[in-house]
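Heads up, the sequence shown is in this note's numbering, so the first residue is 30 and it goes up one at a time. Cβ atoms here follow ideal geometry from the backbone N, Cα and C, with glycine treated the same way. Predicted, not measured: the structure shown is a model, and the values here were computed from it.
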Amino acid sequence: MAMAFATFNLSPSLRFVSNNKGFFDSQLSNSFLSSHLFLGTSSFSVPTLSFSTIHQTSCRPHINASPCSSTSFRCFAQKSPVDGLGSNGASERLVVLVIGGGGREHALCYALQRSPSCDAVFCAPGNAGISSSGNATCIPELDISDSSAVISFCRKWGVGLVVVGPEAPLVSGLANDLVKVGIPTFGPSAEAAALEGSKNFMKSICDKYGIPTAKYRTFSDASAAKQYMKEQGAPIVIKADGLAAGKGVIVAMTLEEAYEAVDSMLVEGIFGSAGCRVVVEEFLEGEEASFFALVDGENAIPLESAQDHKRVGDGDTGPNTGGMGAYSPAPVLTEELQSLVMESIILPTVKGMSAEGCKFVGVLYAGLMIEKKSGLPKLIEYNVRFGDPECQVLMIRLESDLAKVLLAACRGELKGVSLNWSPGSAMVVVMASQGYPGSYEKGTVIQNLEEAENVAPCVKIFHAGTALGLDGNFVATGGRVLGVTAKGGDLKEARDRAYDAVEEIKWPGGFYRRDIGWRALPQNEFARNG
């Protein structure tokens with residue numbers, strides 16, 4: 030599908046991207062410019078304006094003390110219909126703001142920019158790769174922790190949909206503030222985001238509404254936790270109750286490791302307030318999978334399946350990370366299992382949250398274990414946003430109008446909606462800085478990215494932690510830095526294309542796993558990278 034969009038060079042640091050030049054004809058008139066280009070103390074000013082056209086081909090609480098009881102989360106946007114989703118099929122054009130600046134947000138910008146109903150995409154703060162790709166206009170000056178600044182930006186630029194990528198702004202209540210003033214926001218309220226923000230809250234919901242999960246106990250006293258672990262034996266899992274940047278889960282293979290994990294959280298306080306309470310749960314043996322569903326408060330529709338690779342080393346060895354690669358679809362999640370996950374896990378959660386008085390609007394990301402002994406899915410954890418790097422493989426396969434679907438979720442109109450996906454498979458290989466997930470060097474130079482994207486059809490590199498150096502080269506600024514993503518007719522072709530692209534990239538300061546997809550492909554498929 031060929032698609033045209035316009036790029037407006039507003040200043041050296043701000044490039045405006047739109048799918049539709051008509052947006053500029055109707056929105057960026059002289060009066061619009063005079064009233065919108067100067068956004069006051071919470072934003073920025075733009076001195077010049079020019080545009081060109083580019084063509085792109087896209088191949089804490091316990092239930093009884095729940096914070097939900099006094100809060101109902103819904104969108105206040107006017108009920109105007111959306112093509113294929115509303116009552117009369119009227120067309121609607123959107124300006125979208127994506128909150129965040131990682132690989133997940135790059136993938137969301139990529140999919141939104143391809144959406145026929147989307148006129149323009151902003152990303153705050155964004156990153157150098159998102160800006161350079163032309164997938165969105167990045168707004169690094171916008172303070173996403175300041176709700177009033179975000180609201181001001183949305184009003185002055187006519188933003189009709191905000192998509193919140195990371196969990197932290199959701200837990201802190203950004204969606205509450207935006208929805209309160211009538212800005213449609215895809216992402217849950219702070220109360221509903223407790224499904225991720227508090228492991229204990231999530232487990233309590235599971236208990237109350239009969240959702241299958243691992244047996245557990247919650248502790249704030251280290252001695253009591255150790256006594257329970259001694260009774261249960263190892264292996265056992267220790268989780269910080271709050272948000273710990275993806276590092277708060279320890280799978281202890283011995284009691285000594287378990288005791289150390291508890292002491293580090295409850296005694297030494299390595300995660301601060303996030304670790305002042307821990308959830309100790311049984312170790313489940315089986316195969317992990319990621320399941321995603323879009324939720325509008327009452328209804329849920331499944332996305333395609335995906336499987337992540339959490340451990341840093343080949344063969345699933347070494348410490349846990351935010352994710353070193355993923356593929357979609359995941360063969361382990363058969364159609365029968367997907368239906369079971371919807372019926373036994375997702376829908377009871379949606380109904381339960383509604384019954385608790387805090388309807389969930391956004392994406393529910395269920396981390397699952399397909400238990401070896403029973404073959405049935407159990408819920409390991411919930412995230413209240415798209416997974417990273419699973420989002421990358423989902424967005425490169427999505428063929429539906431993402432902006433339209435997310436707006437429908439905000440309006441409670443997902444019932445009857447279905448999504449279209451490209452056939453075949455997709456894979457993402459994460460390239461990370463040497464030393465990750467421990468300490469790593471920043472500022473290492475990355476070269477040959479354009480050549481890597483052109484090495485095979487349907488390759489896209491999503492940027493997670495990059496900046497532009499003084500010499501114009503990309504430099505690494507984070508732990509996980511690039512998500513090299515490819516589609517193929519099957520998983521082997523997607524894998525070959527992704528690794529062909531990885532091997533084109535010149536980055537001595539980086540590393541990657543060489544066995545992404547190993548559970549779904551025969552071992553001899555990894556010979557060339559072994």
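How about P241 and S144: are their beta carbons less than 8 Å apart?
no
Helix, strand or coil, according to DSSP, for N349 in the structure here?
strand
Taking the C-alpha atoms as reference points, what is the distance between S177 and F312?
44 Å
Candidates V309, L443, D525 and V324: closest to K228 by CA position:
V309
In chain order, each beta strand (DSSP E) run of at least 3 residues that lies wholly inside the stretch 397-464
406-412 and 454-462
Return the chain-ordered list of same chain residues with a C-beta closer than 6 Å to the C-beta of G189, the five sequence neighbours on each side being excluded.
L123 and V124
Look at the alpha carbon of A219 and the alpha carbon of I173, and state the distance between them as a whole number of angstroms.
15 Å
What span of residues does the alpha helix (DSSP H) with F389 cover, start to end?
Element bounds for F389: n/a, residue is neither H nor E.
Quick one: what's got a C-beta closer than 6 Å to A530's C-beta in the same chain, skipping five residues either side?
A481, V484, V488 and V513
C183 beta carbon less than 8 Å from that of N164
no
Have a look at the DSSP bridge pairing and note the partners of E317.
M398
On the criterion of 16 or more Cβ atoms from any shown chain inside 10 Å, does D430 qualify as buried, or is it exposed?
buried
Hey, V370 and P418: beta-carbon distance below 8 Å or not?
no
For A106, which residues from the same chain have a beta carbon less than 7 Å from its beta carbon, with the 5 sequence-adjacent residues on both sides left out?
Note that A106 scores 28 on pLDDT, short of 50, meaning its location in the model is unreliable; the coordinates nonetheless yield the value given after this. Counting only Cβ-Cβ distances below 7 Å, and skipping sequence neighbours, we find G211, P213, C439 and R440.
Identify whether C167 lies in helix, strand or coil by the three-state DSSP scheme.
strand
Measure from the alpha carbon of G467 to the alpha carbon of each residue in H492, P452, G347 and R548, then state which is nearest.
Closest option to G467, Cα to Cα, is G347.
CB-CB under 8 Å to R340, same chain, minus the five flanking residues each way: which ones, in chain order?
Leaving aside the five residues that flank R340 on each side, the residues in its chain whose CB is nearer than 8 Å to its CB run, in chain order, T346, G347, P348, N349, T350 and M353.
Could you tell me the alpha carbon to alpha carbon distance between L207 and L550, rounded to whole angstroms?
45 Å
Within its chain, find whatever has a CB closer than 6 Å to the CB of A157; leave out the 5 residues flanking it on each side and keep chain order.
Beyond the five residues adjoining it in sequence on each side, A157 comes within less than 6 Å, by CB distance, of T495, A496 and L497 in the same chain, given in chain order.
Check each candidate in S447, A303, E289 and N412 and name the one with the smallest Cα separation from N328.
S447
Consult DSSP for C152 and reduce its assignment to one of helix, strand or coil.
strand
Segments of 4+ residues assigned as alpha helix (DSSP H) that fall wholly inside the stretch 320-378
364-370
Kindly indicate which three-state DSSP category C147 falls into: helix, strand or coil?
Strand.
Here's the rule: buried if 16 or more other CB atoms are within 10 angstroms of the residue's CB, otherwise exposed. What is F37?
Low confidence applies to F37: its pLDDT is 41, below 50, so where it sits in the model is not reliable, and the reading given next is rough at best. It is buried - the Cβ of F37 has at least 16 other Cβ atoms within 10 Å.
Do G326 and H383 come within 8 Å of each other at the CB atom, strictly closer than that value?
The question names His, but residue 383 is Ser in the sequence shown. The answer is yes: Cβ separation under 8 Å.
Under DSSP, the alpha helix (DSSP H) around E134 begins and ends at which residues?
Per DSSP, E134 belongs to the alpha helix (DSSP H) from G132 to Q142.
Among K521, D236 and F230, nearest to C387 - alpha-carbon criterion:
F230
Pull up the distance between the alpha-carbon of E260 and that of E121, whole angstroms please.
Cα atoms of E260 and E121: separation of roughly 60 Å, rounded to the nearest angstrom.
With DSSP as the reference, identify every bridge partner of G518, one or two as the case may be.
The secondary-structure analysis by DSSP pairs G518 with nothing; it has no beta-bridge partner.
If you run the structure through DSSP and keep just helix, strand and coil, what is R246?
strand
Roughly how far, in whole angstroms, is the beta-carbon of L332 from the beta-carbon of A322, given that I think they are within contact range, below 8 Å?
7 Å
A254 and T283 - do their beta-carbons sit closer together than 8 Å?
Taking the C-beta atoms as reference points, A254 is found no nearer than 8 Å to T283.
Closest by CA to W536, which one among G315, N502 and K380?
N502
Start-to-end residues for the alpha helix (DSSP H) that takes in F230
F230 -> alpha helix (DSSP H) spans K228 to Y238.
Going by C-alpha distance, which of Q142, L126, G342 and H338 is nearest K185?
L126
Write down the C-beta distance between P377 and S454 rounded to the nearest angstrom, noting that I regard them as a contact closer than 8 Å.
Their Cβ separation, rounded to whole angstroms, is 30 Å, which puts P377 and S454 out of contact at 8 Å.
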